[in-house]
Every structure is written in C-alpha cells, then in structure tokens.
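This is the structure:
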C-alpha cells in the first residue's frame with residue numbers, strides 16, 4: 017500500500033515529521049517498505065529568474081543567460097527555445113543531480129562559454145513529459161526558494177499490509193492507527209446523506225444472498241467524463257495507480273482512501289435489471305484486463321439481461337466499463353462473501369485490488385457512506401444528477417462482541433498497562449468498551465468495529481493494546497530453567513545423523529545439500545520400482561519429482577563440478593528419500609549417499625600415474641561409516657544388488673549390497689552403470705554408494721556407559737597361514753567367514769591377504785590365502801592343539817569346496 | 113719375551129685397520145684359537161709357579177689391551193660405516209608427503225548443530241516431521257482455513273495426490289506443522305525446536321524454492337511475550353556470540369499466533385560491511401528481519417487437543433540459511449545448494465568443529 021504524506025494528512029491532523037511517522041508505522045505493525053521523498057530528489061534545484069538572454073557566440077541554437085538565483089547572478093548556457101529575459105524557471109546548481117538521468121551538474125564550458133548550472137524542463141525533473149522547453153513558473157514565484165518547497169514536493173510512503181488488516185488497505189485506516197498511537201488527531205468521515213432527485217431507473221437486485229448479501233446502487237445522469245484533475249491524478253500516482261478517466265479514478269480513489277472497492281457501469285451498455293447472481297457453468301466474460309474467463313456455478317457475478325458484466329468483487333467487464341463517451345453511470349457498491357471471493361479468485365487465478373480487499377473482509381457498515389462519497393466525488397468531477405439509492409439485501413452488520421479481561425494483557429502480553437490506557441487505546445481504534453458486572457469476574461464487553469474482521473477473540477484485543485502501547489515496552493523475562501546442567505536432547509536418530517555426517521567429513525568427503533526435487537528422468541533412473549511423488553505445480557521441469565535416492569542429485573552436482581574442471585570429487589549428502597507410505601502419507605527415510613569421481617590419487621612423484629576410484633573405495637567408505645553408525649559390520653553379508661529387482665544403476669559385476677540377514681539392506685555400493693553415467697553425462701569411472709540409515713537396527717537396551725569386561729590375554733597370539741584352491745566364482749568373503757567361524761574358541765580373526773590365479777593354479781580356480789589369528793587363553797598351544805585347529809579350518813573350508821594347497 | 117713390543121705392534125696394526133673385515137682378521141690373528149696372544153696364554157701352563165706369577169699378569173695385560181683396542185676400533189669403524197650408510201640414505205623432505213583428502217560439513221548442518229546446542233541449554237529438545245505434508249497440518253490446524261488469504265501468500269507446492277483422509281498433499285511451507293504434530297503426540301508442557309527443509313514456489317536472487325527453517329515452540333501455563341523476547345535475545349546473543357545484539361520487535365500477522373511479532377536484528381556498518389550487533393538507532397547501520405514469532409493462537413492449541421484456558425505459549429520460525437549467511441559471511445543463497453566443491457571447501461567446516469557450549473558454538477574464521 018502506497019500513499020502520499022499529504023493524502024495521509026487529509027485524515028490525520030499531525031505535526032509529526034516524516035521520520036517520526038515512519039518509525040511509528042513500523043512500531044504498530046505497518047511495516048515501512050520504502051519512503052520516496054521527492055524533496056530529496058529536487059535538492060539543489062531552485063526558483064530562478066532569467067535577467068538577460070543573448071545569443072551564444074559559437075552556436076546558433078544556444079543562448080547565454082544571466083540568471084538571478086536569489087543569492088547572486090550566474091551565467092548559464094541554455095538550449096531551450098523559450099528561454100528569454102524575464103522568465104522565472106528552475107535552475108539546477110552545480111552539484112545537483114538531474115532526477116531523470118542521474119547526471120551530476122557541474123561548472124563547465126559549453127562551446128567555450130562557462131555555464132554554472134542548468135535551466136530544467138519538467139521531464140528532466142520527472143514532473144511531466146514536456147521537454148519542448150524549460151519550466152515557466154508564474155512571474156511572482158519567489159526567486160531563490162528551493163524548488164522542492166515551491167513545488168510542494170509530497171513524500172510517498174509504502175507500507176506492507178498484513179492480510180489481517182483490510183482496513184489499512186485504505187489511507188484512512190492507516191491514519192486511524194497512527195492517531196490511536198498518539199501521532200495526531202483523526203478527522204471523522206463526513207456523513208453526506210445524498211438524497212437523489214429521482215428514483216433509480218435501473219433495477220438493482222441480488223439473487224445470491226450468500227455470495228452477495230447486499231447490493232446497493234445509484235445512477236448519475238448527465239456526467240461528462242474526461243481526465244481527472246491534477247490533484248486526483250497525483251494521489252492515484254502516489255498510490256501506484258495509473259489515472260484513467262474521472263469516473264474510473266473516482267472509484268479507485270474511494271478504494272484507496274477507505275479500502276472500499278466500488279464499480280461504475282456505463283448505463284448505456286446495460287440492458288434490463290442488474291443482478292448479482294451465481295454464474296452458470298461455462299458462462300464467459302471478458303474482464304477489464306481483456307482476458308476471457310470461463311465461470312462456474314460457484315462464482316458470483318453481476319449480470320444484466322444480456323449476460324455477465326462483472327466477476328463480482330474481483331474485476332469488472334470490458335464491455336460495460338466507462339469511457340469518454342459515457343453520460344450516465346450506474347454505481348455499484350456491494351458486500352461480497354470473503355470466502356467465495358477468495359475461492360473464485362484462486363480458481364480463476366485472477367488477482368486484483370478489489371479481490372485483495374473483499375477476500376480479507378471490508379466494513380459491512382460502510383455501504384451507504386461509501387456510495388454517497390463516491391456520488392459526491394463524481395458529481396464534483398463530472399457533474400450530473402444523482403438518483404436515489406437502491407438497496408437490495410443487507411450486509412451482515414451484527415457487531416462482534418468480545419469478552420475481555422484486561423488482566424489478560426499482562427498474562428499473555430507480558431506487559432502491565434493501566435486499564436484506563438487499555439480502554440483509551442481500544443476506543444481510539446474504534447472499539448467500544450463496556451465493563452460487565454458478571455459475578456466476580458472483571459470483564460469487558462468489547463464491541464469490534466466493522467472494519468476489523470480479524471478481531472474475534474481476547475488475544476486479538478491483547479494484540480491491539482500491546483501493539484499500540486508499544487512492543488518495545490515488553491521487557492524480557494527469562495524462561496524458568498530446569499535444575500542442574502542441560503540434559504541431552506538429541507533423539508537417537510539425530511545423534512546417529514550427526515555422528516555419520518562428521519565421520520564422512522573426517523574421511524575426506526564434502527557434504528553437499530542438493531534439491532529435494534529432481535527432473536523426472538533422473539528421478540526415474542533411481543526409482544527402483546517405487547511410486548514417486550511428483551509435484552502438480554513445479555517451479556520448472558528440472559524440479560519436479562521428489563528424490564527416491566540421494567544419488568541422482570549428487571551425480572548432477574558431480575557433473576557440474578567436473579564441467580568446472582574439478583579433477584577429484586568426494587561428495588556426500590545426508591538427507592531424506594521420499595517414498596510413499598501408508599494411507600497416502602509420505603515415507604521419508606534418512607540416507608547417506610556419496611559419489612567418488614575423477615582421480616582417487618592424483619599423479620605423484622612417489623605414486624606415479626593418477627589412479628581412479630573403484631568399487632573397493634566405495635566399500636571402504638561404506639564399511640567405515642556403517643561401523644561409525646554402530647551397525648554390526650562383522651555380521652553383514654555381501655550380496656548382489658539385483659536379486660530383489662533393484663540396482664540397475666550399478667555395474668552388474670562391480671556392485672553389491674551389505675545386508676543384515678537376507679532382506680535388510682543396510683547399504684549398496686559399486687560402480688555406476690555406463691548407461692546411467694551416459695544419461696547423467698558423466699565421463700570416466702564413478703563409484704557410488706547409498707547407506708540406509710533407517711535400516712540400521714537401534715540399540716535395544718537403554719544406554720549404559722560401562723563396557724563389557726575385558727583384560728588383554730597374558731599369552732601371545734599365534735598366526736597360521738592357509739592357502740585354499742577354490743572355483744573362480746567362489747566369493748572370498750564366504751570363505752573368510754567360514755574359516756573365522758571354524759573354531760570360535762580359538763580363532764579371533766581370519767584375514768584374507770592373497771587372491772592369486774595363474775601359474776600353478778588350475779584353470780577355473782583361484783588360490784585364496786588367509787592369515788588366521790589364534791588366541792590361547794589358559795595355556796600355550798601344543799603341536800597337537802594347532803593340528804586340531806588346522807583340521808577344523810580345513811574341514812570348514814571344505815564345506816565350500818575349498819581344497820588346502822600343499 | 114718382549115711383550116711390550118708385541119703389544120705395540122698389535123695396537124698399531126689394529127689402529128691402522130681400515131675396515132671391519134681387516135679388524136676381524138686381526139682379532140683372529142691375535143686372539144683366535146690359533147692366535148699369537150692366545151698361544152702365549154697357553155704357554156703359562158708349562159711355566160713353574162714362580163715364573164707364572166711374573167709372566168701371567170704381563171700376558172693377561174697384553175691380551176686385555178689388544179682386546180680393548182679391537183673393541184674400540186670396531187666401535188669407530190661401525191660408527192663410520194653407519195654414518196656413511198645414513199649419509200647415503202638422505203632424502204629430500206621438501207618433497208610433498210602423501211596427501212589425505214580433507215572433507216567438510218555443510219554450513220547448514222553446522223548451523224543446525226549450533227542451534228540445537230544453544231537450545232539444548234535452554235531445555236528445548238529437537239523434533240521432526242514429514243516434509244511432504246497434508247494441508248490440515250500445514251494450514252488448517254494452524255488456523256489457515258481453505259479460503260484464508262495467507263494460504264495464497266505461501267506459494268505452496270502441491271501434489272496431485274490426496275491422503276486416506278482426502279487431505280491435499282503438499283510440500284510443507286514452514287516447519288510449523290511440526291508444532292502441531294508434537295503437541296498432538298506429546299501434549300504439554302513442551303519446549304521444542306524443529307529444524308528442517310521447507311519449500312515455497314519462489315525463485316530469484318534471494319529466494320530458493322527449498323530452504324531451511326528452525327521452528328521453536330514453548331507451551332506452558334504462564335509463558336508470555338516477555339519470555340518470547342528473552343528467548344529470542346538469548347538465542348541470538350549466544351548464536352552470534354555478541355552481547356550487543358539489539359532486537360527490534362514489530363507487530364505482525366501470522367494466522368497461527370496472536371499476538372504476532374516480527375523481529376529485526378540490528379547491524380552496524382563497519383568498512384561498508386554489515387556486522388550483526390549494535391543499536392542502529394544510535395549510529396550508522398540498520399535493521400534486518402530475521403524471524404517471525406508470536407503467542408500461539410488459541411485455535412491452534414485447541415486443534416492440538418489442549419485446553420487454551422490452561423495452556424499458552426509462544427512459537428517462532430527462523431531462516432537457517434539466512435542465519436548462516438549473516439554469521440559466516442556468504443552472500444549468495446543459491447550457492448548453498450550447488451554442491452560446488454570449491455565453495456564447500458571454503459565455507460564448509462571441519463569434522464572436528466563440533467559446536468559445544470564449553471568450546472564455543474561458533475567456529476572462528
């Protein structure tokens with residue numbers, strides 16, 4: 017909402033400075049978004065009189081003037097044809113900035129003659145479009161006066177109006193708030209009571225009591241439309257409205273002054289009675305914005321015998337609007353149901369100044385006064401003779417009464433305000449206060465004025481009182497503290513998340529935060545059979561589908577990095593995947609994904625050529641992070657990615673899942689499938705992985721701090737090496753697990769240290785060598801103990817078809 | 113026999129030995145089984161006791177002096193050999209050592225941890241809720257019925273889907289639905305913060321369609337606007353680690369709070385840069401809007417199944433990305449979501465920068 021200071025002062029008698037007004041507006045919740053002070057723009061320009069005008073010696077079109085500035089005489093070069101001795105105009109002095117082009121004036125030679133300033137045109141000062149000559153002021157204009165003072169420069173204030181304050185979508189409402197806050201005296205709205213000299217010749221009726229409870233109107237005959245006078249144009253421009261014609265401007269003025277939208281129809285373009293009714297399904301109207309809207313039976317319209325003329329409360333029709341030829345007008349002032357206006361506007365995707373006021377709720381008590389003010393303004397501007405008013409229906413004018421205990425102000429607002437002051441504030445905002453004497457409760461019956469549809473409960477009253485009293489007077493009060501030091505507040509999931517995130521960063525990965533939404537194709541590539549969430553109104557096709565995996569977003573980030581010349585990338589993200597849950601709800605699962613791309617180790621003096629990432633690098637990170645997450649990594653099984661139909665994003669021979677039991681997948685990792693790499697436009701091998709943090713089983717018992725008892729064994733551990741021949745397809749991990757479990761009393765670990773194929777190993781087989789660590793407990797091993805353990809190891813391996821190499 | 117001469121000769125030959133092999137040969141020559149001095153010792157047995165008394169000590173002294181000389185010379189030669197070997201093993205330690213990659217924590221995660229740490233001290237626990245919400249939790253229960261104009265202001269992302277209760281599904285436009293979910297689940301009293309992703313269909317230089325908020329909620333019997341003000345001041349002072357934080361409260365409007373308050377934080381201009389802190393009304397600087405808040409609307413408390421005559425409280429919502437930018441000096445919000453490793457390396461945090469109250473929640477530049 018924008019308005020000029022002079023407009024505000026039409027309703028508010030005040031000596032307050034612009035700065036004080038701005039501070040107060042902020043303090044009472046009308047946030048100042050900007051102040052445009054033309055006086056500031058016109059600084060350095062003053063009223064000056066041309067004393068002499070002579071031809072420029074070097075240029076035919078230029079003149080050399082001597083100008084009286086009020087403080088002396090200056091020589092100025094001027095190119096305007098109307099510059100002449102005796103002219104009183106506007107001189108820009110050296111140092112002033114020309115508003116139209118931002119040029120800073122300085123003393124300079126023009127074609128060899130010194131010029132000490134510039135005589136200005138209206139366009140240069142952004143006061144009009146005239147650039148044919150310099151400004152000519154009346155002869156008695158006081159020479160030497162700053163032009164801003166002479167011109168009466170009127171500052172414009174822009175405030176943000178919150179949706180609960182339709183009353184402040186008119187200048188008068190803002191004046192009322194400021195007056196209540198002690199910044200001046202509010203002038204009352206004059207009640208005009210225009211009688212009208214003849215009956216209204218058109219039938220005005222509402223057939224939609226719900227959508228349009230009240231429809232008032234009046235005809236003015238014999239008007240002469242045309243441009244509005246300058247004062248009205250200035251007002252409208254200050255509010256950011258383009259002046260159109262006196263009739264249209266008058267309705268806009270009523271709306272901006274009092275927050276009361278109205279409409280003027282050209283009577284000649286109407287046929288028959290004018291009725292507020294529901295639209296018929298499929299009915300159309302061409303609105304003032306020249307667009308055609310298709311309506312339905314949920315929408316209220318204003319129509320005559322020939323059809324719809326107006327989307328009620330939102331926008332008038334192109335056909336019946338007023339133009340220069342209009343002589344008779346029908347004024348419409350109605351009360352529309354806010355909810356229906358909001359629904360219609362949303363359905364048609366049509367916003368307007370009228371809609372924004374009606375849907376917030378306008379004052380139902382302001383129909384007659386509004387109609388009279390509009391009538392008077394039109395008659396002043398355009399002449400004409402007014403009919404009597406016609407009124408169909410009635411606005412819902414039962415005042416709201418709120419029961420309010422003034423003690424609530426301190427209980428809720430935390431500030432003590434005398435009851436008399438509370439009452440004063442409320443009354444100055446237009447509320448009326450009556451003390452109720454019910455029982456022992458001291459309570460007030462507060463009647464809410466019609467222009468405050470937002471107020472309907474005691475806390476609203478507290479807000480009004482505290483807002484006007486001043487939020488800065490609320491003093492801080494410490495929240496009560498629980499005894500002792502702060503207790504831990506993170507849930508197990510949050511603790512897990514923090515730990516894994518920092519573990520990943522500590523292992524050299526950079527945390528990225530990427531969009532939750534993806535392009536369809538990229539999301540589909542990682543859907544793994546899940547039904548995805550796809551937005552109905554995405555901001556663009558690239559941000560449409562909620563991610564089923566963290567990997568596509570990371571791959572897209574990797575691609576951007578590689579395109580920028582990054583040679584090595586370790587990116588991870590910790591966040592949610594969006595799947596579908598029960599009952600149509602979402603199922604959001606916490607995961608950590610990472611991408612390893614480019615060089616693992618760049619070329620080095622000691623290491624030679626650069627090396628790239630492989631699937632084992634992904635496995636190393638996954639295993640380490642799972643261990644930090646508290647997953648039982650020693651119990652995890654390495655299984656393929658595809659045996660549940662998932663994982664087409666991975667290289668089929670270089671990828672795996674880590675599972676706890678056959679079904680519970682804790683992580684998947686491996687090399688990106690070349691086809692998917694191509695889809696994401698990434699070259700070179702890329703290792704990827706995703707850890708499903710939600711699948712990691714939580715600790716069953718409550719946390720205790722004491723660990724299981726442990727003392728390092730007194731006897732030294734013994735290692736024995738075993739080499740087995742197995743079929744090439746045999747997974748080494750199974751053999752290790754089998755061997756490690758061969759004799760749990762003695763074997764503490766089994767570690768694979770060699771995988772050899774080739775000379776000495778039969779075709780189709782490989783040799784796997786393991787180092788087995790044995791821990792004697794009570795006494796050292798004897799030869800036969802070791803033999804027995806070896807036999808168990810060999811027997812266990814044999815279950816997998818492994819043969820001990822001898 | 114002239115032991116002295118024999119000794120002299122042996123010692124001078126030992127001293128002249130230039131390597132360990134020569135020295136070993138000399139040891140064998142003198143002290144070996146067939147060695148010359150070993151031979152002299154063997155002659156002692158054949159002497160009568162008187163002679164032995166005289167010759168014995170002489171021969172033993174000879175043997176000892178040769179043995180000592182061998183050991184000393186060996187020591188010298190070994191040291192020389194070691195030094196020579198070490199000299200040959202010299203490496204250029206100005207060559208680069210093996211590189212270990214350095215990872216980082218994203219500023220948003222870091223700031224979320226900082227916020228959680230500060231609010232833990234104030235007794236707030238951390239709550240979460242879904243990002244794909246239904247319109248009841250996101251709007252209706254927060255006192256924004258279907259036709260409410262504030263709904264339109266939220267620039268909501270919708271899904272074509274409805275849940276089993278026929279509620280419209282959408283991306284949450286704020287973290288406030290977590291208030292409702294937590295109240296419904298845990299009742300009152302309550303002190304929570306709820307950080308997380310939120311979404312608005314808005315994209316320009318200073319807005320991204322996805323951003324982060326932290327919601328705060330206190331429900332108790334007598335908390336009022338003064339407690340809200342204290343909580344916000346206390347948090348902001350702790351977060352920016354400055355005592356001169358000045359907060360300006362302005363009345364505002366949110367459907368889910370009544371009264372509603374927006375808070376601006378004062379900044380001062382230092383070398384043309386905005387620095388949080390100081391009172392702008394007393395010098396050069398200005399106000400920056402940082403959060404919205406208010407006393408929880410009675411209707412919201414009713415929707416949560418609590419008695420608004422018994423329980424009241426306050427709520428606030430702060431933009432995390434904005435806080436991060438103000439504290440750590442990033443000036444481009446869009447870069448937060450780009451994943452550029454150069455940006456992450458510069459603005460990210462070390463894994464060891466864990467915010468703690470004792471160590472300071474912030475990480476100095």
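Residue numbers (the working numbering), protein chains in the order written: chain A, 17 to 822; chain B, 113 to 477.
Each residue gets a CB set at the ideal place from its N, CA and C atoms; glycine is no exception.
Who are the Cβ neighbours of residue i in its own chain at under 7 angstroms, not counting the five residues just before and after it?
i: residue 213 of chain B; result: none
i: residue 375 of chain A; result: 354, 357, 358 and 361
i: residue 338 of chain A; result: 241, 261, 263, 264, 280, 282 and 345
i: residue 661 of chain A; result: For residue 661 of chain A, the predicted model reports a pLDDT of 49, less than 50, meaning its position is unreliable and no value from the coordinates is stated.
i: residue 433 of chain B; result: 220, 323, 324, 445 and 448
i: residue 626 of chain A; result: 615, 617, 618 and 619
i: residue 118 of chain B; result: 174
i: residue 108 of chain A; result: 60, 61, 114, 121, 133, 134 and 136
i: residue 411 of chain B; result: 255
i: residue 438 of chain A; result: 422, 425 and 481
Expressed to the nearest angstrom, what Euclidean distance is found between the alpha-carbon atoms of residue i and residue j?
i: residue 222 of chain A; j: residue 333 of chain A; result: 18 angstroms
i: residue 463 of chain B; j: residue 232 of chain B; result: 21 angstroms
i: residue 251 of chain A; j: residue 185 of chain A; result: 15 angstroms
i: residue 778 of chain A; j: residue 788 of chain A; result: 24 angstroms
i: residue 226 of chain A; j: residue 367 of chain B; result: 25 angstroms
i: residue 737 of chain A; j: residue 653 of chain A; result: 24 angstroms
i: residue 331 of chain A; j: residue 23 of chain A; result: 26 angstroms
i: residue 364 of chain B; j: residue 486 of chain A; result: 13 angstroms
i: residue 289 of chain A; j: residue 321 of chain A; result: 7 angstroms
i: residue 25 of chain A; j: residue 440 of chain A; result: 22 angstroms
i: residue 459 of chain B; j: residue 218 of chain B; result: 8 angstroms
i: residue 287 of chain B; j: residue 429 of chain B; result: 8 angstroms
i: residue 29 of chain A; j: residue 304 of chain A; result: 37 angstroms
i: residue 291 of chain A; j: residue 392 of chain B; result: 57 angstroms
Between residue i and residue j, how many whole angstroms is the CB-CB distance? I'm expecting something under 8 angstroms.
i: residue 619 of chain A; j: residue 605 of chain A; result: Their Cβ separation, rounded to whole angstroms, is 40 angstroms, which puts residue 619 of chain A and residue 605 of chain A out of contact at 8 angstroms.
i: residue 313 of chain A; j: residue 284 of chain A; result: Not confirmed; about 30 angstroms, so no contact.
i: residue 172 of chain A; j: residue 190 of chain A; result: With 8 angstroms as the limit, residue 172 of chain A and residue 190 of chain A do not qualify as a contact, their Cβ atoms being about 13 angstroms apart.
i: residue 369 of chain A; j: residue 496 of chain A; result: 48 angstroms between Cβ atoms; not a contact.
i: residue 530 of chain A; j: residue 569 of chain A; result: 3 angstroms
i: residue 559 of chain A; j: residue 548 of chain A; result: About 13 angstroms; that fails the 8 angstroms criterion.
i: residue 416 of chain B; j: residue 296 of chain B; result: 6 angstroms
Return the chain-ordered list of same chain residues with a C-beta closer than 6 angstroms to the C-beta of residue i, the five sequence neighbours on each side being excluded.
i: residue 814 of chain A; result: none
Quick one, are the C-beta atoms of residue i and residue j less than 8 angstroms apart?
i: residue 451 of chain B; j: residue 524 of chain A; result: no
i: residue 377 of chain A; j: residue 469 of chain A; result: yes
i: residue 379 of chain B; j: residue 373 of chain B; result: no
i: residue 579 of chain A; j: residue 612 of chain A; result: no
i: residue 316 of chain A; j: residue 347 of chain A; result: no
i: residue 706 of chain A; j: residue 646 of chain A; result: no
i: residue 371 of chain B; j: residue 404 of chain B; result: no
i: residue 330 of chain B; j: residue 302 of chain B; result: yes
For residue i, I'd like the list of residues in its chain whose CB is within less than 8 angstroms of its CB, leaving aside the five on either flank, ordered along the chain.
i: residue 36 of chain A; result: 199
i: residue 419 of chain A; result: 452, 459, 460, 461, 462 and 474
Checklist line | Runs of alpha helix (DSSP H) wholly within the segment 663–727 of chain A (minimum 4 residues, chain order) | finding: Counting only runs of 4+ residues, the alpha helix (DSSP H) found wholly inside the segment 663–727 of chain A occupies 690–695, in chain order.
Margin query: I'd like the ranges of any alpha helix (DSSP H) spanning at least 4 consecutive residues and lying wholly in the segment 493–529 of chain A.
Written below: 508–522
Check: Whole alpha helix (DSSP H) runs in the segment 110–185 of chain A with 4 or more residues, listed along the chain?
Finding: DSSP runs (the alpha helix (DSSP H)) wholly in the segment 110–185 of chain A: 163–167.
Checklist line | Minimum length 3: unbroken beta strand (DSSP E) runs contained in the segment 185–214 of chain A | finding: none
Margin query: Give the list of continuous alpha helix (DSSP H) stretches no shorter than 4 residues that lie fully inside the segment 295–367 of chain B.
Written below: 337–352
Next item on the list: Could you tell me which uninterrupted beta strand (DSSP E) segments, each at least 3 residues in length, are contained entirely in the segment 357–423 of chain B, listed from first to last along the chain?
Entry: 359–366, 369–382, 385–388 and 397–408
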